[in-house]
Amino acid sequence: MGAKPKIAFYDFAGCEGDQLQVANLEERLLELLSHVEVVSFREVMTGGDIEPCDVAFVEGSVTRPEDAERLRRIRDNSAYLVALGACAAIGGVNCLKNFMEEDVYRERVYGSQGRWFATGPARPLRSVVAVDAEIPGCPIDKNEFARVTKELLLGRTPWLPDYPVCVDCKAAGNVCRFDLGRMCLGIITRAGCGAACVTEGAHCWGCRGMAPKANLDAARQIMDRAGFSRRAVQDLFRFYLGDTSAAL
Amino acid sequence: MYNDNDISALATAAEPSTGPRRIDVHHLTRVEGHGNIVVRIAADGTVEQCRWEVSEAPRFFEAMLLGRDYQDVHHITSRICGICSIGHQVASLQATEQALNIRVSEQTLALRKLALHAENLQSHLLHIGFLALPDYMGVPSTLHLAETHREEVLNLIACRRMSNEFSRLVCGRTTHPQRFVPGGFARLPSMDDLHQLRVLLAESLPGLGRVIDLCASLRDRVPAFERETEYIALVAPSEYPLYWGHIGSSMDDRRPVDQYEQMTREYLVRQSTAKWARNKAESFMVGALSRFNLNHAQLTDGARKAAATLGLAAPCHNPFLITLAQLVECVHSVEDSLLLVEALLSRGLRHEASSKIKLQAGRGASAVEVPRGILFHAYEYDEQGRVVSADCVIPTNQNHANIQKDMEALTPRLSGLPESEIERLLSMLVRAYDPCISCSTHLLETEQRKAERPVRFIRT
Chain A
2 MGAKPKIAFY DFAGCEGDQL QVANLEERLL ELLSHVEVVS FREVMTGGDI
52 EPCDVAFVEG SVTRPEDAER LRRIRDNSAY LVALGACAAI GGVNCLKNFM
102 EEDVYRERVY GSQGRWFATG PARPLRSVVA VDAEIPGCPI DKNEFARVTK
152 ELLLGRTPWL PDYPVCVDCK AAGNVCRFDL GRMCLGIITR AGCGAACVTE
202 GAHCWGCRGM APKANLDAAR QIMDRAGFSR RAVQDLFRFY LGDTSAAL
Chain B
227 MYNDNDISAL ATAAEPSTGP RRIDVHHLTR VEGHGNIVVR IAADGTVEQC
277 RWEVSEAPRF FEAMLLGRDY QDVHHITSRI CGICSIGHQV ASLQATEQAL
327 NIRVSEQTLA LRKLALHAEN LQSHLLHIGF LALPDYMGVP STLHLAETHR
377 EEVLNLIACR RMSNEFSRLV CGRTTHPQRF VPGGFARLPS MDDLHQLRVL
427 LAESLPGLGR VIDLCASLRD RVPAFERETE YIALVAPSEY PLYWGHIGSS
477 MDDRRPVDQY EQMTREYLVR QSTAKWARNK AESFMVGALS RFNLNHAQLT
527 DGARKAAATL GLAAPCHNPF LITLAQLVEC VHSVEDSLLL VEALLSRGLR
577 HEASSKIKLQ AGRGASAVEV PRGILFHAYE YDEQGRVVSA DCVIPTNQNH
627 ANIQKDMEAL TPRLSGLPES EIERLLSMLV RAYDPCISCS THLLETEQRK
677 AERPVRFIRT
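Chains as they are written, first to last, in this note's numbering: chain A, 2 to 249; chain B, 227 to 686.
Written out as structure tokens, the structure is:
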């Protein structure tokens with residue numbers, strides 16, 4: 002990469018909460034910007050749409066044919082493409098609609114005019130183009146964004162934890178949700194969030210995607226032994242992980 | 227700089243026309259989500275038509291909620307928007323609690339009101355400082371100002387950091403909080419957090435004062451444009467309401483929240499994947515200026531002073547001044563939050579046993595004021611506490627028609643202006659509304675829901 006690498010931000014179907022996390026870097030954003038040239042960041046800057054760049058950060062899921070086409074153009078114009086957040090990396094909550102018939106969701110929301118607008122199953126970026134790296138989470142952790150970006154600018158391959166959230170959870174001193182009679186996906190989800198949701202009183206929803214080599218058979222046994230219904234397990238599994246073909 | 231006279235001055239300076247043209251602002255920048263502005267100009271330079279289009283991918287949240295358990299619903303709706311995730315959660319919880327007949331404590335009410343203030347500050351300061359300000363300073367982004375106006379930029383960043391910290395102390399994090407549950411809180415802030423918050427809020431007032439001075443100094447750059455419209459916001463006898471109240475209008479009777487469909491009559495237009503709405507007038511406005519117009523008498527003293535400094539008086543019919551109304555609300559949010567924190571500190575925080583929730587079939591509707599205006603959520607649950615139908619009416623969607631009508635009123639005054647100027651004025655107009663477009667693209671067809679077919683669950 003050159004002295005001032007060019008970076009760009011793009012978004013598809015999503016809540017733009019991940020770009021917001023980047024804006025939330027506050028003073029550190031100014032520091033970061035002194036090392037790069039931002040060529041496109043629609044959320045906070047007037048400027049061109051798709052620009053040639055060294056690193057493209059892409060948020061959101063692909064849901065329409067025109068999205069796939071735009072994403073391919075972004076890919077062609079970027080040396081390195083990073084999926085930003087759960088929607089881009091794993092499909093995320095948008096995939097909830099993939100489990101119902103298209104007619105049902107079209108009609109429910111747009112009634113008899115449901116055919117006016119293009120839509121289709123929600124997909125993560127990697128189902129359309131090659132993705133070089135991802136910063137998972139819903140929303141992303143701004144510190145992880147800063148670290149991964151720094152690694153990229155230094156020419157290193159960015160690193161993500163390959164162990165499950167349970168490790169973070171123990172470090173945070175939380176009581177295991179299963180010991181409280183609650184369900185939790187921390188046992189199969191990629192760590193790195195500091196068990197943010199469990200620490201705040203919720204449970205792990207799986208927003209960072211499955212940890213590499215997650216043991217789904219063991220997870221299923223744990224869920225069964227704890228007595229959760231298949232439907233309850235499926236509800237939680239589909240919240241973020243609807244795009245995976247893994248059955249739980 | 228851009229008052230009435232100057233617009234005509236620019237017109238005479240415009241270059242000779244070069245045939246019929248079209249300005250196409252594809253994916254307007256510095257707004258949340260995807261919207262386009264399309265302008266048709268005749269050969270003689272007359273601006274014939276301005277159109278506001280929404281091209282965001284539809285996301286179908288109301289359909290995605292079908293069959294989901296009541297405990298997950300506010301987490302799903304939170305993902306409608308990264309900027310107003312707290313407002314969606316609070317509105318969602320209120321609707322669920324109403325449907326399932328769950329009461330919440332005074333303490334929970336106070337903490338939720340604080341959460342809404344925190345979000346208003348986060349979102350308003352982002353809009354004032356980072357989305358709208360560059361238009362008035364003539365730069366592509368606030369980050370570009372860091373060289374020439376370092377102190378002002380650092381002050382803006384510090385104010386925003388305060389609002390993020392406020393949200394973190396109350397909600398656990400700045401976006402998509404995890405502490406809220408139907409009936410109360412899964413985890414409370416500590417007394418230390420509240421003490422820290424009190425200091426943070428008190429210390430933020432001088433910084434906000436500097437933002438007010440900066441905006442007051444740019445006041446003459448606000449286009450002099452007025453179009454009276456219907457203003458809709460929550461109203462309550464005792465407060466400048468964010469959390470609850472009746473639906474108020476400048477042209478209509480006030481109504482209870484469960485009659486929201488009668489005031490947000492939605493319809494579809496081809497140029498937008500988000501729905502439009504109207505009530506008495508051909509369009510209506512929601513958001514900070516609407517709230518200011520209807521409820522200005524209930525602002526805190528500091529907020530009223532800020533309005534005077536900024537030259538904002540109710541009723542105000544200039545949509546470009548929405549940004550200044552947001553700034554007035556920032557002062558109100560800080561001062562009102564200080565009162566709420568004081569009250570919580572003097573009473574002490576109690577860990578409340580989560581109320582026993584008895585599952586039952588039911589319907590509930592809620593209205594909450596979020597940064598961009600009044601937000602409605604309504605759900606119907608079956609006896610297992612699973613969603614049978616859901617409806618979310620989002621503020622930006624209520625504003626789309628008003629944006630279009632403003633553009634139409636502005637159209638004759640744009641003729642003869644250089645294209646860059648037309649583009650700038652129209653972009654500024656849309657940005658003033660602070661549209662949250664990705665929020666607005668998943669709305670339910672309300673008429674059809676009435677004659678709804680029986681529930682179809684998604685899975686077998």
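C-beta atoms are modelled at their ideal positions from N, C-alpha and C, and glycine is treated no differently.
Under the DSSP definition of a beta bridge, B/ALA372 lacks any partner. Non-local beta-carbon contacts of B/GLY308 in its own chain, meaning distances under 6 Å to residues more than five positions away in sequence, involve THR401 in chain order.
Of the candidates B/MET489, B/TRP470, B/ALA317 and B/ASP484, the residue whose Cα lies closest to the Cα of B/SER476 is B/MET489. For B/ALA372, the residues of chain A that pass the 7 Å Cβ criterion are LEU31, in the order they occur in the chain. Residue ranges of uninterrupted alpha helix (DSSP H) with 4 or more members, entirely inside the stretch 130-178 of chain A and ordered along the chain, are 143-154 and 166-173. Cβ proximity to chain A below 9 Å picks out ILE383, ALA384, ARG386, ARG387, ASN390, CYS397, GLY398, ARG399, THR400, THR401, HIS402 and PRO403 from the stretch 383-403 of chain B. Residue pairing by DSSP places B/ALA459 opposite B/GLY474 in a beta bridge. Its Cα nearest to that of B/VAL512, the residue B/ALA593 stands out among B/GLU561, B/ALA593 and B/ASP527. For A/ASN95, same chain residues with a beta-carbon under 6 Å away, outside a window of 5 residues either side, are ALA14, SER62, CYS88 and ALA123 in chain order.
What A/ALA147 touches in chain B, judged by beta-carbon distance under 9 Å, is nothing: the nearest beta carbon there is about 15 Å away. Look at the beta carbons and you see the stretch 215-232 of chain A touching the stretch 174-186 of chain A: at least three pairs across the two are nearer than 8 Å. In this structure, the straight-line span from the alpha carbon of A/PHE146 to that of A/ILE136 is close to 7 Å.
Where B/HIS301 is concerned, the enclosing alpha helix (DSSP H) starts and stops at 299-304. The alpha carbon of A/PRO213 has as its nearest neighbour, out of A/ARG191, A/ALA196 and A/TRP206, the alpha carbon of A/ARG191. With respect to A/ILE8, A/VAL45 sits apart: the two C-beta atoms are not nearer than 8 Å. Note: B/GLN275 is bridge-paired with B/ARG266 in the DSSP secondary-structure output.
The way I'd put it, the stretch 518-529 of chain B does touch the stretch 460-469 of chain B; three or more beta-carbon pairs between them come closer than 8 Å. Judged by DSSP in its simplified three-state form, B/ILE600 adopts strand.
When only Cα atoms are considered, B/MET363 and A/ASP180 end up about 57 Å apart.
Three or more Cβ pairs closer than 8 Å define a contact, and the stretch 548-560 of chain B meets that threshold against the stretch 526-537 of chain B. Against A/CYS167, chain B offers no close residue; the least beta-carbon distance is about 17 Å (beta-carbon pairs closer than 9 Å).
The stretch 363-377 of chain B and the stretch 561-576 of chain B do not touch, with fewer than three beta-carbon pairs separated by less than 8 Å. Ranked by Cα distance from B/THR334, the options B/PRO415, B/ASP361, B/SER349 and B/ILE263 are led by B/PRO415. Interface residue (Cβ-Cβ distance to chain B less than 8 Å): A/THR64 is classified as such. In the three-state reduction of the DSSP assignment, A/VAL199 falls in the helix class, which pools H, G and I. For A/LYS5, the three-state secondary structure derived from DSSP is coil. Short of 6 Å from the beta carbon of B/ALA341, and not among the five residues preceding or following it, lie these beta carbons of its own chain, in chain order: ILE312, VAL396 and CYS397. Separation of the CB atoms of B/TRP502 and B/GLU487 is rounded to 15 Å, and the pair is thereby denied contact status at 8 Å. For B/ARG285, the C-beta contacts it makes with chain A under 7 Å involve ALA14 and ASN95, in order along the chain. By the C-beta criterion, the stretch 263-279 of chain B is judged not to be in contact with the stretch 289-305 of chain B, since fewer than 3 inter-stretch pairs fall below 8 Å. Comparing alpha-carbon positions, the option among B/HIS543, B/THR455 and B/GLU465 lying closest to B/LYS506 turns out to be B/THR455. Around B/ILE306, the beta-carbon contacts reaching into chain A at under 7 Å are CYS16.
The beta carbon of B/LEU319 is closer than 7 Å to those of HIS300, PHE406 and PRO408 in its chain, skipping five residues each way along the sequence.
In this chain, B/ASP617 is not harboured by any alpha helix (DSSP H); it is covered by the beta strand (DSSP E) spanning 613-619.
At least 8 Å separates the CB of B/ASP608 from every CB of chain A.
When DSSP states are grouped into helix, strand and coil, B/PHE392 belongs to the helix group.
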